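Only one structure is covered here, and it is reproduced in the block below.
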Amino acid sequence: MSSKVGKDIAINGDGAVALAWKQMNPDVCAAYPITPQTIIVEDFAKYVANGEVSTEFVDVESEHSALTLCTTSCAAGARTFTATASQGLAYMWEMLPITASMRTPVMMAVANRTVSGPININNDHGDVMSARDTGWISLFSENVQEAYDMSILGPKIAENPDVQLPVLVNLDGFILTHAIERMTPLESSVVKEFVGPFKPVHPLLDVDHPTTHNLMDGPLFYFPHKYQMVIAMEKALGVAQDAFDEFAEISGRKYHLVEEYMCDDADTIAVVLGSSFGTMKEAVDRLRAEGMKVGVCMPRVYRPWPAEQLAKIMKGKKNVLVMDRHLSIGSYGPMFPEVCAAATLNDKMPRMFNFVYGLGGADTQVSDFMGVYKQVLEGKADKVNFVGVHE
């Protein structure tokens, strides 16, 4: 396919997700509003009301009902989208593993927000980290453009017949959801061709080939059932990279399972998720100007975990800083043990450091990230460190 992009527009992250949804024209959308996700469903509801899409939009009374409806409509054979954040995702939690185990490739946008309490509506990754083990694919965005692109790539990956798992598309609350940036959308016809029609594998409404969904599993079948999901997740890594490569042909934008910045010759690198990747790239540039060999990388795909790709990046490094925007109280940040596990795939482990930052929207600036690198290089870092916290 040739590159067919539209004109640049100014749009916020929520609006970008809604625009991607409009271009894909899902069969069903069910949602309940919660800050900072609200603009996604508000904008998409306007597209529905104006007749710009043929989607059946269901304005439900709770997030639990939203995901239940999405799961069952997808099982019936409908391409189905939803969006939420924070307590909304927590309210959906009972349904998250059910959606995955039913192999219903629902697409969910998550406007990442801290989980109460205390009550806080600002950004961290507490919501999505609570869902990391439920069987959902999880993609992260650095900026508004990527929130749009990942919204298109998410269904492409999730609906692949070798995968058939639901997908979370993460964009940082307020930092991306409400911030207006320049974005280059694709033409709607190109998006539709790229994603293609939804082809359910075993739809409930296929009366000629009746199937049973979400049945009771005894010990003999439950474990194999879950193992099938493991195999699908493993295949999702290759499917995701293939989708990224195909997307590059139509957009000119190239994505990878793990994005790297100045890592090749670095002796100290950081691993970070979401919008902070951009801030840390600026910190890297400034430290490079001071003669420090530092770099940063971001797992584009958080689930399935790209362990081999991360191990390759970490090979030969002296120090690895794992930046967690969530705290597992009583343990490390949630990404730290996973990065450490990936590092064991190499013959020699680098020194590993965990930095917890930005909880509840705490501002973390370029100077803070520069200080994190210097803290390690000057031998002043502990195994677990808290950036900018005051007692």
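197 is the number of the first residue of the sequence shown in our numbering; add one for each residue after it. Even glycine gets a Cβ: it sits at the ideal position worked out from N, Cα and C. If you're wondering where the values come from, they're calculated on a predicted model, not measured in any experiment.
query	result
Secondary structure of Thr280, DSSP reduced to three states	strand
Inter-residue spacing [alpha-carbon to alpha-carbon] between Leu555 and Arg484	28 angstroms
Contact under 9 angstroms by Cβ, Val454 with Ile376	no
Met154 versus Ile230, Met298, His405, Ala241, residue with shortest Cα-Cα distance	Since the first residue shown for the chain is 197 and the last is 587, residue 154 is missing from the structure and cannot be characterised.
Under the three-state DSSP convention, the category Val386 falls into	helix
Beta-carbon proximity check, Val340 vs Leu367, cutoff 9 angstroms	yes
Cα-Cα separation, Ala206 to Ile446	21 angstroms
Exposure label - Gln360; buried when at least 16 CB within 10 Å	buried
Check whether Arg449 and Ile333 have beta carbons under 9 angstroms apart	no
Beta bridge counterpart(s) of Arg482 as assigned by DSSP	DSSP lists no partner for Arg482.
Within 9 angstroms, strictly: CB atoms of Met303 and Pro222	yes
Buried or exposed (CB count within 10 angstroms, at least 16 for buried), Pro599	Residue 599 is absent from the model: the chain starts at 197 and stops at 587.
Paired residues, beta bridge with Glu165 - DSSP	Any property of residue 165 remains undetermined from this structure, which presents the chain solely from 197 to 587.
Proximity of Pro546 and Ala539 at Cβ, strictly below 9 angstroms	yes
Met590 to Thr264 span [Cα, whole Å]	A question about residue 590 goes unanswered here, because the residues of the chain that appear run from 197 up to 587.
In DSSP terms, what Cys493 is bridged to	Glu456, Val467
Counterpart residues of Cys225 in DSSP-defined beta bridges	Phe253, Phe277
Beta-carbon gap between His321 and His522 smaller than 9 angstroms	yes
Euclidean distance between Cα positions of Val397 and Pro357	7 angstroms
Beta strand (DSSP E) runs contained entirely in the region 542 to 580, provided each spans 3 or more residues	547 to 552
Local Cβ density within 10 Å of His586, reported as buried at 16 or more and exposed below that	exposed
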